[in-house]
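Everything below concerns the one structure shown next.
There are 2 protein chains.
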Amino acid sequence: MDSDRRRRPTLDTVAAAVGVSRATVSNAYNRPDQLSSSLRERILETARTLGYAGPDPVARSLATRSSAAVGFMLPQGLSGAFSDPALSIVLDGLAQTVDGHDHSLVLMPGDSTGGPRPSIVSRAQADVMVAYSLPDHAPALDAVAARGLPLVVIDQPILPNSARVEVQDYTGTSAAATHLLDLGHTRFGVLTFALRPDGLEGPVSHERRSAVPFRVSRDRLGGYLDTLEKAGVKPDNVPVWEARGSDRELGRLGARWLLTRTPRPSALLCASDQLAFGALQAARDLSLSVPADVSVVGFDDVPEAAYSDPPLTTVRQPLADKGRRAGELALKLLAGGRPPRPTRLGVSLVERASTAPWK
Amino acid sequence: MDSDRRRRPTLDTVAAAVGVSRATVSNAYNRPDQLSSSLRERILETARTLGYAGPDPVARSLATRSSAAVGFMLPQGLSGAFSDPALSIVLDGLAQTVDGHDHSLVLMPGDSTGGPRPSIVSRAQADVMVAYSLPDHAPALDAVAARGLPLVVIDQPILPNSARVEVQDYTGTSAAATHLLDLGHTRFGVLTFALRPDGLEGPVSHERRSAVPFRVSRDRLGGYLDTLEKAGVKPDNVPVWEARGSDRELGRLGARWLLTRTPRPSALLCASDQLAFGALQAARDLSLSVPADVSVVGFDDVPEAAYSDPPLTTVRQPLADKGRRAGELALKLLAGGRPPRPTRLGVSLVERASTAPWK
DNA sequence: TGGCGCTCCTGAAGCGCTTCAGTCATGCTG
DNA sequence: CAGCATGACTGAAGCGCTTCAGGAGCGCCA
């Protein structure tokens, strides 16, 4: 208590101790060229002995009207979110970019609304927000708008006045479906992550497939189903399982269901690599061989996809780039730039050993 | 540019518009009981039409001398950090606790020094810091001390005046080693994550085993080796592989090396489940059967350990509790509490199918 | 009717810092 | 030596908010 109560030294404390003005001490920290280096040394030295650790970040932010932080909004809680390495990679790219410019990162995990609580967003000390894969109309987005903060959106629908970076999800899954069709497959199963933020899980009904608020889920699912349909495979004949999230165990569960339909699908189209890994596992559980008995494709091309058993055919998206690009956009908006036209990152199909021609 | 320049409304703007004092508007947001609800409604309504999104968080923090945020310091970059689900789970527990009290989370990823850069720490807008598994003497810790911020340490050595939550790492690995000895094993290999923050990887020399700055690595390794030694297994006869991080692929690499020593170990002692999963994979690669040809133990008991193939014998630590407890401690320190005595969470050996008697 | 206790609202003093327009020597130029 | 640029430092005005000691008005009781 006692030592807590002894108020911490401030700029003034140091200024008084050295016998200079407060402005000078401030300059010692922020504009070394504004004072003689001898005086600067003296000031820093005094600060040290007084236990002054530099300008208070909050006061500094108020005065400069910039908190040097970017807020990162997630669609769900942290443990769910990070079970998919794709997010880690994106976030890492973002963090590095932002960190390189001495900005910090404020994490805002989501809840059942599919995004952080608005009150959290309104109070976050950040001067630009990044929305990662939030559902359409997440309340958090309104809160950002209300504050008038610049926004960069990753994997999300068009929002007025925001910067955007996204990936050709539809194109990607469409290519994967085509690949499988070319291999002669005719019976498919689709394994997707959440279509809506309501936490449901299970086979996806016809109506649930429409009006999907998560753009990414919508596009990936659409890319699969539309392409199959064009090739004459009726969507109604394609069982779709919706997992609560994108993780291996949930994927295994869903794949088990898909692989026990009759007729059994000869190809599983997954919305992410994690789900696909789960599918590989499920196949193993059922003593099915991949790709002899069933082909599996994923999406993301996380590092592990190259090493899984068998190595996974998947759609590659440039995850680290995505994060870096989002970081750059955030910094640019911070610097007062207008939101540039959306960055659309390309994808490409990486054929490995989890897919094979159907007999 | 134009609309950006139109300065945002402030408390005063609203106060003037409604014709009340600024204090009253402030009360409308923070102390509803201090004004008539009709006036409050009028104020909120006016604020809405003016586009005022509530008190500015930074100014608020300055005035209240509290930024309502907890800083989380990591030993490494985000992508590395999150490849281990253990961290996600801990962080999730922390985030939920903290979020429940309307505090936000500032993430500070580490670099090659084994922690965030001190300048980042000095400028972070947080009023309590949580250190997660930083190495001894990380510069970031000095920065925290310099600012006089309360600190809670997870998995880290004693630091003066800090709250602490840790786990019985030594006890845990010791129990695992005992389990294997009881099963009749005599040839062991150890697979650990980073012993030092220098990014090296490979077989661990004798001198590198001493003075390990990561407490967790030190204790887990110690628990394994000491216990084996007590049973008559010379440490020098136990090959140890150090992986750069705790992820599956790195584990696979290390395990491959361990499993190709002669004589081949009949039991692999891993410092984490991720590494153990990698070891299972490596065994599969080498057509070794687990546990017939080689037993494997992990540490953490992440959810997947129950579902791996085979299910993993591992040391359970209460990950979510760890995070929650850290969150509670952070909040407590924030409220002015003294650091209580360290919380030491128990561990227990969970025997599953990845270990078996040695013939 | 005077006094008391409410409820509702205000004035003003900060919170700790940045920044900008100066002030004041000092040295240099012509 | 006047004139002027230059370098080194300062004063003071904010940044947008919270909070606390009051003050005004009002109903109520004795």
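Chains A and B, in that order, are what the protein sequence lines are. Residue numbers for the first sequence, in my numbering: 1217 to 1575. Residue numbers for the second sequence, in my numbering: 1217 to 1575. We put the CB at the ideal spot given by N, CA and C, even for glycine.
Among the options, which residue has its Cα nearest to the Cα of residue i?
{"i": "Ala-1447(A)", "options": "Arg-1434(A), Met-1289(A), Leu-1397(A), Val-1456(A)", "result": "Leu-1397(A)"}
{"i": "Ser-1277(B)", "options": "Gln-1341(B), Ala-1233(B), Thr-1229(B)", "result": "Gln-1341(B)"}
{"i": "Leu-1294(A)", "options": "Pro-1325(A), Ile-1305(A), Ala-1232(A)", "result": "Pro-1325(A)"}
{"i": "Pro-1519(A)", "options": "Phe-1404(A), Asp-1489(A), Asp-1249(A), Asp-1385(A)", "result": "Asp-1489(A)"}
{"i": "Gly-1494(A)", "options": "Gly-1470(A), Ala-1508(A), Arg-1256(A)", "result": "Gly-1470(A)"}
{"i": "Ala-1547(B)", "options": "Pro-1273(B), Ser-1328(B), Val-1344(B), Gly-1235(B)", "result": "The sequence as given places Leu at residue 1547(B); Ala does not occur at that position. Of Pro-1273(B), Ser-1328(B), Val-1344(B), Gly-1235(B), the residue nearest in Cα terms is Val-1344(B)."}
{"i": "Asn-1246(B)", "options": "Ala-1233(B), Gly-1235(B), Leu-1260(B), Val-1234(B)", "result": "Leu-1260(B)"}
{"i": "Gly-1552(B)", "options": "Pro-1507(B), Arg-1238(B), Gly-1415(B), Gly-1364(B)", "result": "Gly-1364(B)"}
{"i": "Leu-1444(B)", "options": "Arg-1500(B), Ala-1393(B), Gly-1388(B)", "result": "Ala-1393(B)"}
{"i": "Gly-1330(B)", "options": "Lys-1575(B), Ala-1536(B), Pro-1429(B), Ser-1378(B)", "result": "Pro-1429(B)"}
{"i": "Arg-1541(B)", "options": "Thr-1559(B), Val-1531(B), Leu-1528(B)", "result": "Thr-1559(B)"}
{"i": "Val-1337(B)", "options": "Glu-1423(A), Asp-1516(A), Leu-1321(A), Val-1337(A)", "result": "Leu-1321(A)"}
{"i": "Ala-1508(B)", "options": "Arg-1472(B), Ala-1521(B), Ala-1572(B), Arg-1557(B)", "result": "Ala-1572(B)"}
{"i": "Pro-1555(A)", "options": "Ala-1231(A), Val-1420(A), Ala-1522(A), Pro-1376(A)", "result": "Pro-1376(A)"}
{"i": "Ala-1232(B)", "options": "Ser-1253(B), Ser-1252(B), Tyr-1268(B), Gln-1250(B)", "result": "Tyr-1268(B)"}
{"i": "Ala-1362(B)", "options": "Val-1383(B), Thr-1387(B), Pro-1334(B)", "result": "Pro-1334(B)"}
{"i": "Thr-1402(B)", "options": "Glu-1423(B), Asp-1308(B), Ala-1483(B)", "result": "Ala-1483(B)"}
Alpha carbon to alpha carbon, how far is residue i from residue j?
{"i": "Ala-1492(B)", "j": "Leu-1407(B)", "result": "8 Å"}
{"i": "Gln-1497(B)", "j": "Arg-1468(B)", "result": "6 Å"}
{"i": "Pro-1248(A)", "j": "Arg-1258(A)", "result": "13 Å"}
{"i": "His-1353(A)", "j": "Ser-1426(A)", "result": "16 Å"}
{"i": "Pro-1538(B)", "j": "Leu-1485(B)", "result": "At residue 1538(B) the sequence reads Lys, which differs from the Pro that was named. Near 23 Å, if we compare the C-alpha coordinates of Leu-1485(B) and Lys-1538(B)."}
{"i": "Pro-1271(A)", "j": "Gln-1372(B)", "result": "29 Å"}
{"i": "Val-1274(A)", "j": "Ser-1283(B)", "result": "8 Å"}
{"i": "Gly-1439(B)", "j": "Ser-1570(B)", "result": "20 Å"}
{"i": "Tyr-1318(B)", "j": "Val-1432(A)", "result": "Residue identity check: residue 1318(B) is Asp in the sequence provided, not Tyr. So the alpha carbons of these two residues sit roughly 30 Å apart."}
{"i": "Gly-1479(B)", "j": "Leu-1350(B)", "result": "Residue identity differs from the one stated: residue 1479(B) is Pro in this sequence, not Gly. Each residue's alpha carbon lies about 36 Å from the other."}
{"i": "Arg-1238(A)", "j": "Arg-1339(B)", "result": "19 Å"}
{"i": "Asp-1228(A)", "j": "Ala-1263(A)", "result": "11 Å"}
{"i": "Val-1381(A)", "j": "Glu-1465(B)", "result": "29 Å"}
{"i": "Leu-1561(B)", "j": "Asp-1517(B)", "result": "14 Å"}
{"i": "Leu-1266(A)", "j": "Leu-1255(A)", "result": "16 Å"}
{"i": "Arg-1637(A)", "j": "Leu-1549(A)", "result": "Residue numbering for chain A in the displayed model covers 1217 to 1575; residue 1637(A) lies beyond these limits and cannot be assessed."}
{"i": "Leu-1545(B)", "j": "Val-1314(B)", "result": "10 Å"}
{"i": "Ser-1390(A)", "j": "Ala-1521(A)", "result": "19 Å"}
{"i": "Gln-1533(A)", "j": "Val-1513(B)", "result": "35 Å"}
{"i": "Leu-1310(A)", "j": "Ser-1304(A)", "result": "10 Å"}
{"i": "Gly-1400(B)", "j": "Arg-1557(B)", "result": "40 Å"}
{"i": "Pro-1481(A)", "j": "Ala-1499(A)", "result": "12 Å"}
{"i": "Lys-1575(B)", "j": "Gly-1405(B)", "result": "18 Å"}
{"i": "Gly-1296(B)", "j": "Gly-1316(B)", "result": "28 Å"}
{"i": "Glu-1417(A)", "j": "Arg-1477(A)", "result": "17 Å"}
Note down, in chain order, each residue of its chain lying with its Cβ closer than 6 Å to the Cβ of residue i, except the 5 sequence neighbours on either side.
{"i": "Pro-1332(A)", "result": "Met-1289, Met-1324, Gly-1326, Ala-1356"}
{"i": "Ser-1299(B)", "result": "Asp-1463"}
{"i": "Asp-1385(A)", "result": "Val-1432, Asp-1435, Arg-1436"}
{"i": "Val-1306(B)", "result": "Leu-1535, Lys-1538, Gly-1539"}
{"i": "Asp-1218(A)", "result": "At Asp-1218(A) the pLDDT is 34, less than 50, meaning the model places this residue with poor confidence; the figure from the coordinates comes in the next sentence. None."}
{"i": "Gly-1543(A)", "result": "Leu-1310, Thr-1313, Val-1314"}
{"i": "Val-1420(B)", "result": "Val-1456, Glu-1458"}
Let me check one thing: in DSSP terms, what residues is residue i bridge-paired to?
{"i": "Ile-1370(B)", "result": "Tyr-1348(B), Val-1381(B)"}
{"i": "Trp-1574(B)", "result": "DSSP, once it has assigned bridges, lists no residue as partnering Trp-1574(B)."}
{"i": "Gly-1287(A)", "result": "Val-1322(A), Met-1345(A)"}
{"i": "Leu-1407(B)", "result": "Trp-1457(B), Cys-1486(B)"}
{"i": "Ser-1511(B)", "result": "Ala-1483(B)"}
{"i": "Gly-1418(B)", "result": "Glu-1458(B)"}
{"i": "Thr-1530(A)", "result": "Gly-1514(A), Val-1566(A)"}
{"i": "Leu-1561(A)", "result": "Val-1383(A)"}
Looking only at its own chain, which residues have a Cβ that is under 7 Å from the Cβ of residue i, when we skip the five neighbours before and after it?
{"i": "Leu-1504(A)", "result": "Leu-1475, Val-1510"}
{"i": "Ala-1347(B)", "result": "Met-1289, Leu-1357, Leu-1367, Val-1369, Ile-1370, Gln-1372"}
{"i": "Arg-1221(B)", "result": "Because the pLDDT of Arg-1221(B) is 42, which lies under 50, any placement of that residue in the model is unreliable, and the question is left without a value."}
{"i": "Val-1230(A)", "result": "Val-1241, Ile-1259, Thr-1262, Ala-1263, Leu-1266, Tyr-1268"}
Got a sec? Which residues, its chain only, sit under 8 Å from residue i by beta carbon, not counting five neighbours each side?
{"i": "Pro-1526(A)", "result": "Leu-1496, Val-1506, Pro-1507, Arg-1568, Ala-1569, Ser-1570"}
{"i": "Asp-1501(A)", "result": "Arg-1468, Arg-1472"}
{"i": "His-1395(B)", "result": "Val-1513, Thr-1529, Leu-1565, Glu-1567, Thr-1571"}
{"i": "Ser-1253(A)", "result": "none"}
{"i": "Asp-1414(A)", "result": "Ser-1328"}
request  = Say whether the segment 1406-1426 of chain B touches the segment 1453-1468 of chain B, bearing in mind that this needs 3 or more beta-carbon pairs closer than 8 Å, one atom from each stretch.
outcome  = yes
ask   = Between the segment 1285-1305 of chain B and the segment 1437-1452 of chain B, are three or more C-beta pairs nearer than 8 Å?
value = no
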